[in-house]
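Each residue of the sequence shown is one higher than the one before, starting from 4 at the first, in the numbering used here.
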Amino acid sequence: MSAEVKICGLTDEDAIDAAIDAGADYLGLVFFAKSPRFVTPDRAAELTQFVEGVDKVGLFVDAEDAFLEEALTHLRLDLLQFHGAETPERIDAIRREFAVPVMKVIAIGSAEDLAKAEPYFAVADRLLFDAKPPKNSDLPGGNAVSFDWSILSGYKCPLQWMLAGGLTADNVAEAIRISGARAVDVSSGVESAPGVKDAAKIAAFIKAAKGT
Ligand SMILES: O=C(O)c1ccccc1NCC(=O)[C@H](O)[C@H](O)COP(=O)(O)O
Numbered sequence: 004m005s006a007e008v009k010i011c012g013l014t015d016e017d018a019i020d021a022a023i024d025a026g027a028d029y030l031g032l033v034f035f036a037k038s039p040r041f042v043t044p045d046r047a048a049e050l051t052q053f054v055e056g057v058d059k060v061g062l063f064v065d066a067e068d069a070f071l072e073e074a075l076t077h078l079r080l081d082l083l084q085f086h087g088a089e090t091p092e093r094i095d096a097i098r099r100e101f102a103v104p105v106m107k108v109i110a111i112g113s114a115e116d117l118a119k120a121e122p123y124f125a126v127a128d129r130l131l132f133d134a135k136p137p138k139n140s141d142l143p144g145g146n147a148v149s150f151d152w153s154i155l156s157g158y159k160c161p162l163q164w165m166l167a168g169g170l171t172a173d174n175v176a177e178a179i180r181i182s183g184a185r186a187v188d189v190s191s192g193v194e195s196a197p198g199v200k201d202a203a204k205i206a207a208f209i210k211a212a213k214g215t
């Protein structure tokens, strides 16, 4: 059991260094203004200017083309994560327009929600299965909420996928075992407060996810 790890919502140099030093495979940058983890494209470029060998993932929520263009003008992103209500048609158009791999988030509350992934099989490069946000949340993700990982057990998905939602160093090994995930994504579980990453929690999470 060893999974790739994406550390999402990085907002400062120390957190980026901590994620890289601990062996993160993906660094997530949140381009959603309502988030406590929001960074501007300019700041994201500054933060990641010396990053090499680790994929940079830009997280967007129902972003317009102009904003995607702005972000990609400031920095190279290896993967675009879409965490809003983007339709399959919109994902297809973005992928064609910007020629960067795309990952669509599918919110899971019950096993029936897996069917929502199917229309994206032909238009996305990857999927990310995350918990449905609580009803009172302003954020579609990053809410420290889990779902029943057994929903994904034995799931036949033609695309690579990541598991997210309420993961921590204490539960990620179990989540990987039950779901069969080969890649995991975390934000709140490696923070001391919303938007403030904790280097020790990042290291512990990656160790647990990779079984090292
Ligand atoms: O992190 C945010 O603030 C955020 C805002 C808007 C959309 C998505 C957001 N985060 C997504 C993630 O960090 C992860 O992909 C995922 O939801 C896991 O989050 P967490 O449960 O906090 O580990």
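Yeah, the Cβ is synthetic: ideal placement off N, Cα and C, and Gly gets one too.
Model, not experiment: these values are computed from the prediction.
In the three-state scheme derived from DSSP, where H, G and I count as helix and E and B as strand, residue 70 is classed as helix. Leaving aside the five residues that flank residue 94 on each side, the residues in its chain whose CB is nearer than 8 Å to its CB run, in chain order, 85, 105, 107, 123, 126 and 127.
Segment contact: the segment 195-205 against the segment 14-28, three or more CB-CB distances shorter than 8 Å; contact assigned. Residue 156 counts as exposed, since fewer than 16 other C-beta atoms from the protein chains shown sit within 10 angstroms of its C-beta. The DSSP assignment places 44-50 as complete runs of the alpha helix (DSSP H) inside the segment 41-67, in order along the chain (cut-off: 4 residues). Residue ranges of uninterrupted alpha helix (DSSP H) with 4 or more members, entirely inside the segment 61-130 and ordered along the chain, are 68-77 and 91-101.
Remark: C-beta atoms of residue 181 and residue 212 do not approach each other more closely than 8 Å. Excluding residues up to 5 positions away in sequence, nothing lies with its Cβ nearer than 6 Å to the Cβ of residue 76 in the same chain.
A heavy atom of ligand 1 is found nearer than 7 Å to the CB of residue 39.
As the crow flies, the alpha-carbon of residue 142 is around 15 Å from that of residue 149.
In terms of side-chain proximity, the C-beta atom of residue 190 is found nearer than 7 Å to a non-hydrogen atom of ligand 1.
Excluding sequence positions up to five before and after residue 45, its CB lies within less than 8 Å of the CB of 77, all in the same chain and listed in chain order. With contacts defined as CB atoms closer than 8 Å, residue 154 and residue 97 fail to qualify as a contacting pair.
In this structure, ligand 1 has no non-hydrogen atom nearer than 7 Å to the beta-carbon of residue 139. The continuous beta strand (DSSP E) containing residue 186 extends over residues 186-189.
Look at residue 167: its beta carbon is less than 7 Å from one of the heavy atoms in ligand 1.
Between residue 164 and residue 131, the gap from beta carbon to beta carbon is short of 8 Å. Per DSSP, reduced to three states, the secondary structure at residue 148 is coil, with no helix or strand assignment.
Boundaries of the beta strand (DSSP E) harbouring residue 196: 194-196, taken from the DSSP string. In this structure, residue 21 and residue 206 form a Cβ contact; the two beta carbons are roughly 7 Å apart against a cut-off of 8 Å. Selection 53, 189 and 101 evaluated against residue 82 yields 101 as nearest (Cα-Cα).
For residue 29, the CB contacts under 6 Å within the same chain, skipping 5 residues up- and downstream, are 9, 58 and 60 in chain order.
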